[in-house]
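Following: one structure in structure tokens, then a few remarks.
In the UniProt record's numbering, the protein residues as written are 1 to 318.
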């Protein structure tokens, strides 16, 4: 069976597996990678960019090598083995179902008026300081996190899986995890995490644009999504979160962005869809989760279709 069809069947099966099973409570492969990356950091850390570059190469490169070795081990086996490996890798690296569950749990707590429970759960979803947020601000943080993580935890992986198979799936997730671990602008990681942050920006670029485009197609307000994307995305400090959050804001008819706090550090970001959007409400969390799910399946369809078209153009060799 051709590689393009292996990816189509395997990635679809992996997403279905994620939809049914979600992330395991214990023994998740991404958590295991995180522990390994933390061990590498303990050995290498210096307040130095060069050490950070080495850390990124060892961890992300190691994940790609594991994926390549796995793909090589099933290359001569029946197609079912190659599909199963792709499905397992896809399930391991995507996190759409857990993303939706966490968002809905916070939304349920806010709807019940239990702000303290929502504050306890918010760090499971994003790095905001929950004690500085009221209920409406937490709802906004959840919608922003659903939008950004749809790209980071799902669509970006599918894009790289379509481009490079199992090694692409694992390497993308490794890069994204490294950015979450060391890519932020704290005194400890400003230099050491520079390479991980820049590599994440590069690796996430195509997935973020596909996520934004899918949000335009699937969202209830297509014109609003396009307008917010064009007008406001560039004002976001992240080159990838900007298009995604702006398109979600426009599609849902809400305002995102503004003042937020990370670990005691306050940031004043541009407002996305400020002219046409309203403040986020608790009910918008469920709308964002539904949009995220629709974006996921549209992105899978786009990746599979592109892979199949490229295979046909190359005479079936892809």
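Here a beta-carbon is modelled for each residue, glycine too, at the ideal position from N, C-alpha and C.
Fill in: Rounded C-alpha distance that separates residue 13 from residue 83
8 Å
Practice prompt. Check whether the segment 217–237 touches the segment 185–205, counting contact only when three or more Cβ pairs, one atom from each stretch, lie closer than 8 Å.
Written response: no
Worksheet item: Per DSSP, what kind of secondary structure is residue 94 in: helix, strand or coil?
Response: coil
Worksheet item: Taking the alpha-carbon positions, what's the residue 123 to residue 71 distance?
Response: 35 Å
Worksheet item: From this set, 216, 159, 175 and 187, which residue's C-alpha is nearest residue 300's C-alpha?
Response: 159
Worksheet item: Buried or exposed: where does residue 196 fall if 16 or more other Cβ atoms within 10 Å of its Cβ makes it buried?
Response: buried
Discussion item. Restricting to Cα atoms, I'd like to know which of 115, 311 and 308 is closest to residue 134.
Written reply: 115
Practice prompt. Within the same chain, show all residues whose beta-carbon is closer than 8 Å to that of residue 11, passing over the 5 residues directly before and after it, in chain order.
Written response: 86, 87, 90, 158, 161, 162, 300, 303 and 304
Practice prompt. Please determine, among 47, 28, 56 and 293, the residue with the shortest C-alpha to C-alpha distance to residue 180.
Written response: 56
Worksheet item: When DSSP builds the beta bridges, which residues end up paired with residue 170?
Response: DSSP, once it has assigned bridges, lists no residue as partnering residue 170.
Worksheet item: Do residue 251 and residue 224 have their CB atoms nearer than 9 Å?
Response: yes
Discussion item. Quick check: the Cα distance between residue 191 and residue 233, rounded to an integer number of angstroms?
Written reply: 26 Å
Discussion item. Between the alpha carbons of residue 153 and residue 311, how many angstroms are there, rounded?
Written reply: 26 Å
Practice prompt. With a threshold of 16 other CB atoms inside 10 Å of the CB of residue 282, please say whether the residue is buried or exposed.
Written response: buried
Item to complete: Could you round the C-beta distance between residue 255 and residue 249 to whole angstroms and report it? I think they count as a contact, below 8 Å.
Response: 7 Å
Fill in: Identified DSSP bridge partners for residue 257
271
Worksheet item: Under the rule that 16 or more other beta-carbon atoms within 10 Å means buried, what is residue 236, buried or exposed?
Response: buried
Worksheet item: Going along the chain, which unbroken runs of the alpha helix (DSSP H) with 4 or more residues stay wholly within the segment 134–220?
Response: 135–150, 156–182 and 194–218
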